[in-house]
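Notes for the one structure printed next.
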Amino acid sequence: MSNDLKPIIFIVSDSIGETGELVARAAASQFNHGGVEIRRLSYVNDPNEIPELLEEIKHFKCIIAYTLVIPELKDRLVREARNLGIPTVDLLTPMMDAVASLVHNSPKLEPGLVRRTDDEYFHKVEAIEFAVKYDDGKDPRGIGRADLVVVGISRTSKTPLCMYLAHMRLKAANVPLVPEVSPPEELQNLPPHRLIGLTIKPQQLYEIRRERLNSLGLTSNADYASMERILKELDYAEGFMKKIGCSVIDVTNRAVEETASRVLEIYYRGERLVR
Numbered sequence: 001m002s003n004d005l006k007p008i009i010f011i012v013s014d015s016i017g018e019t020g021e022l023v024a025r026a027a028a029s030q031f032n033h034g035g036v037e038i039r040r041l042s043y044v045n046d047p048n049e050i051p052e053l054l055e056e057i058k059h060f061k062c063i064i065a066y067t068l069v070i071p072e073l074k075d076r077l078v079r080e081a082r083n084l085g086i087p088t089v090d091l092l093t094p095m096m097d098a099v100a101s102l103v104h105n106s107p108k109l110e111p112g113l114v115r116r117t118d119d120e121y122f123h124k125v126e127a128i129e130f131a132v133k134y135d136d137g138k139d140p141r142g143i144g145r146a147d148l149v150v151v152g153i154s155r156t157s158k159t160p161l162c163m164y165l166a167h168m169r170l171k172a173a174n175v176p177l178v179p180e181v182s183p184p185e186e187l188q189n190l191p192p193h194r195l196i197g198l199t200i201k202p203q204q205l206y207e208i209r210r211e212r213l214n215s216l217g218l219t220s221n222a223d224y225a226s227m228e229r230i231l232k233e234l235d236y237a238e239g240f241m242k243k244i245g246c247s248v249i250d251v252t253n254r255a256v257e258e259t260a261s262r263v264l265e266i267y268y269r270g271e272r273l274v275r
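Here this note's numbering is used: the first residue of the sequence shown is 1, the next is one more, and so on.
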């Protein structure tokens, strides 16, 4: 296999690997992370799995970042990876050693404890369920219960954004804006920092909608994907967003992570001001 492929950070974890991925993404973002791929290798719990795992990835241009708490797993991974010339990074042990010194106690060395004991995990599950329940304006009652409400016309990535925010433990509902349908009155009662509008450049939306219709086996000549319809919807949405005074984010060529980062900045800054 060619070594000139995109560089990869493999996250090896004895649990899901969320922690390792977050740290890797934070580090990669300092180096234009679009040039680095991140892949999780989750639930690695048997030292005998490691040689086979490394055999599969040794041809890639890669490093391994691991969050393993069982010493036998760590030792086997580091030893085998060194033999293959694959760099490894221990993301967990330095912090555990520091905490051990602080509390004068030894770690339990049990995989997945953070997910079992941390209330934040359950808040995340609750937020994901909320995003599903109140997706696409299914129930306007979700507007008053949400931490954040996202509005925008069809195919502006409202649902992916709300699901991403749910993983940040924020309850996010989304409401589609359609010229022929009056938006829920509940939107008028939200503080500006809890209401986010999404917009997009007409040409990109045109291409996205045509592709969507093609994937459904429908004709791309439908009104839904016409430039005239798109301009009408964008104009309507812009007017509504100005009326309610929400922050507006242009999602053109923007990854959902970038959009979410801006949303979180708006939300938490607003929360600090109202406290």
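Don't be surprised by glycine CBs; every beta carbon is placed ideally from N, CA and C.
Please confirm whether residue i and residue j have their CB atoms less than 7 Å apart.
{"i": "residue 198", "j": "residue 149", "result": "no"}
{"i": "residue 37", "j": "residue 6", "result": "yes"}
{"i": "residue 200", "j": "residue 251", "result": "yes"}
{"i": "residue 64", "j": "residue 12", "result": "yes"}
{"i": "residue 41", "j": "residue 10", "result": "yes"}
{"i": "residue 206", "j": "residue 230", "result": "yes"}
{"i": "residue 67", "j": "residue 20", "result": "yes"}
{"i": "residue 107", "j": "residue 72", "result": "no"}
{"i": "residue 225", "j": "residue 210", "result": "yes"}
{"i": "residue 270", "j": "residue 193", "result": "yes"}
{"i": "residue 84", "j": "residue 54", "result": "yes"}
What residue range does the beta strand (DSSP E) around residue i cover?
{"i": "residue 63", "result": "62-67"}
{"i": "residue 8", "result": "8-13"}
{"i": "residue 176", "result": "172-176"}
{"i": "residue 151", "result": "148-152"}
{"i": "residue 247", "result": "247-250"}
{"i": "residue 89", "result": "88-90"}
{"i": "residue 199", "result": "195-199"}
Under DSSP, the alpha helix (DSSP H) around residue i begins and ends at which residues?
{"i": "residue 159", "result": "158-167"}
{"i": "residue 93", "result": "93-103"}
Let me make sure I understand the geometry here. Which of the options has the alpha-carbon closest to that of residue i?
{"i": "residue 142", "options": "127, 74, 156", "result": "127"}
{"i": "residue 14", "options": "157, 74, 99, 256", "result": "74"}
{"i": "residue 204", "options": "191, 98, 227, 190", "result": "227"}
{"i": "residue 27", "options": "43, 249, 237, 8", "result": "8"}
{"i": "residue 191", "options": "202, 91, 247", "result": "247"}
Does the ligand HEM have even one heavy atom less than 6 Å from the beta-carbon of residue i?
{"i": "residue 140", "result": "The ligand HEM is absent from the structure shown, which contains no ligands of any kind."}
> Counting pairs of Cβ atoms below 8 Å between the stretch 118-135 and the stretch 169-180, do you hit three or more?
Replying inline: Contact holds: three or more Cβ-Cβ distances are below 8 Å.
>> Whether or not the stretch 212-228 and the stretch 119-130 are in contact is what I'm after, with contact meaning three or more pairs of Cβ atoms, one per stretch, closer than 8 Å; do they touch?
In response: Result no; under three Cβ-Cβ pairs closer than 8 Å.
> So does the stretch 257-264 actually touch the stretch 179-194, counting three or more Cβ pairs closer than 8 Å?
Replying inline: A contact is defined here as three or more CB-CB pairs under 8 Å, and the stretch 257-264 fails this definition with respect to the stretch 179-194.
> Touching or not, the stretch 77-84 and the stretch 98-107, by the rule of three or more beta carbon pairs under 8 Å?
Replying inline: With the cut-off at 8 Å, the stretch 77-84 and the stretch 98-107 do not touch.
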